[in-house]
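Protein chains in written order, with the working numbering: chain A, 3 to 182; chain B, 2 to 223.
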């Protein structure tokens, strides 16, 4: 298929330039909250009480995980961006070497081998990818801590809240139907 | 970590991932899943509200859950992204300007996909021209135009391939994480639960005191 539709081309190339791990995490969270609790709630392999607790826990995990995940990734990308200023050594059109602008730019890839197809024009786009990718890697390491310190307690708190809501809804439904 | 090792790591990140966002999302997404699963297992292990017998059931279940999460995420996203890459590199899904550029080199007037297949892939055609400053039996006048546009067309192709790879990776991760994994996870969890219920039933029959709901439910105080 040869694509000539400019809107489609721009949309696909925009995705490559702008979407990275925070956006991916957000999309995953959004689709997860629409799908996963329903799968858990309709799981006929377990009893009703387990289904309800499972769906409540899944919803809590998704909300806690997505909120913390997006925030940590966004913050880490900002941090890497602040410490990765650069200067370029070029031959006019091709980039020969990346240099740190100052000692504080610890995330600038000064030792990187630059392949001969990296043009000055394209460099900003590649460097933007590099900053976002490095921010995502840093976020993965930071989340070793936040998983325990933030995700788990937040999940437990939200699960209790949601389970209470489900149980009180069940009780009200039984009262309306005059069930014991 | 020594400064040199750190700088080498930063350099490797540039070399592996700067041209391919999708690859980074797959690799580091999988690593993230591993740490997330370990956190869940650790949370169960240190939870004083769960007794040891329950932990013997929950921890293996959580380990199986984690293995399913990581395994399915990596295999599904890698497979679907590879499909996207091969569609682009084989010319099955490319932009018109790249197709026009390649057709200018197609002196035998083959079908575009056959022409690309003969020369390996789209990226290999670009690399060959850059390396050897010529291409097959193409006339000099055409070659001059090709060289003038080469960097721009190569960058344009790279942006396209990166965009397609990113979209395929995102779609694959939604499929893996939100559809296939929960389904598989529920199947595995029900197997664990059935085994646990069977053990509990047998211990009740042999005269132990009847058990109430598993202690893990104490965590969810109403």
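Note that CB positions come from ideal geometry on N, CA and C, so glycine has one too.
Does any residue of chain A bring its CB to less than 8 Å from the CB of residue 80 of chain B? By one-based count along the second chain, residue 80 of chain B stands at place 79. No, because no Cβ of chain A sits closer than 8 Å to the Cβ of residue 80 of chain B.
Which residues in the same chain have their Cβ closer than 7 Å to the Cβ of residue 82 of chain A, if we skip the five residues on either side of it in sequence? Taking the first chain and counting its residues from 1, one reaches residue 82 of chain A at position 80. Hits under 7 Å: 109, 133, 136, 137 and 140.
Within the same chain, show all residues whose beta-carbon is closer than 6 Å to that of residue 223 of chain B, passing over the 5 residues directly before and after it, in chain order. Stepping through the second chain from its first residue, residue 223 of chain B is reached at position 222. Residue confidence for residue 223 of chain B is low, a pLDDT of 49 falling below 50, so the modelled location carries little weight; the figure read from the coordinates is stated next. Nothing meets the Cβ criterion.
Those runs of the beta strand (DSSP E) which lie wholly inside the region 76-152 of chain A and span at least 3 residues: 88-92 and 97-102
On the criterion of 16 or more Cβ atoms from any shown chain inside 10 Å, does residue 195 of chain B qualify as buried, or is it exposed? Counted from its first residue, the second chain places residue 195 of chain B at position 194. So residue 195 of chain B counts as exposed.
To which residues does DSSP link residue 4 of chain A through a beta bridge? The sequence position of residue 4 of chain A within the first chain is 2, counting from 1. According to DSSP, which records beta bridges pairwise, residue 4 of chain A is partnered with B/95.
Using a threshold of 8 Å, state whether the C-beta atoms of residue 71 of chain B and residue 122 of chain B are closer than that. Walking along the second chain from the start, residue 71 of chain B turns up at place 70. Walking along the second chain from the start, residue 122 of chain B turns up at place 121. With a cutoff of 8 Å on beta-carbon distance, residue 71 of chain B and residue 122 of chain B are scored as not near each other.
At what residue ranges does the region 115-159 of chain B contain a whole run of the alpha helix (DSSP H), taking only runs of 4 or more? If we require 4 residues or more, the alpha helix (DSSP H) runs fully inside the region 115-159 of chain B come out as 123-133.
Measure from the C-beta of residue 62 of chain B to each C-beta in chain A and report whether the shortest distance is under 8 Å. As a working note, residue 62 of chain B is residue 61 in the second chain. Chain A contact via Cβ: absent.
Nonlocal neighbours in the same chain, by C-beta distance under 8 Å from residue 64 of chain B, ignoring five residues either side: Translated into the one-based positions of the second chain, residue 64 of chain B becomes position 63. Same-chain partners within the cutoff: 38 and 42.
Could you tell me whether the region 145-158 of chain A touches the region 118-127 of chain A, where touching means 3 or more Cβ pairs closer than 8 Å? no
Please determine if the region 90-99 of chain B and the region 186-202 of chain B are in contact, where contact requires at least 3 C-beta pairs separated by less than 8 Å. no
Collapsed DSSP secondary structure at residue 46 of chain A in the structure displayed: One-based indexing of the first chain puts residue 46 of chain A at position 44. Coil, per DSSP.
Other residues of its chain near residue 173 of chain B: CB distance less than 6 Å, five sequence neighbours each side excluded: Walking along the second chain from the start, residue 173 of chain B turns up at place 172. For residue 173 of chain B, where only same-chain residues beyond five positions count, the Cβ hits under 6 Å are 77, 78 and 81.
Would residue 85 of chain B pass as an interface residue toward chain A - the criterion being a Cβ-Cβ separation below 8 Å? Taking the first residue of the second chain as position 1, residue 85 of chain B is located at position 84. No, its Cβ sits nowhere closer than 8 Å to a Cβ of chain A.
Closest Cα partner of residue 39 of chain A within the set A/47, A/92 and A/58: Taking the first chain and counting its residues from 1, one reaches residue 39 of chain A at position 37. With distances taken between Cα atoms, residue 39 of chain A lies closest to A/58.
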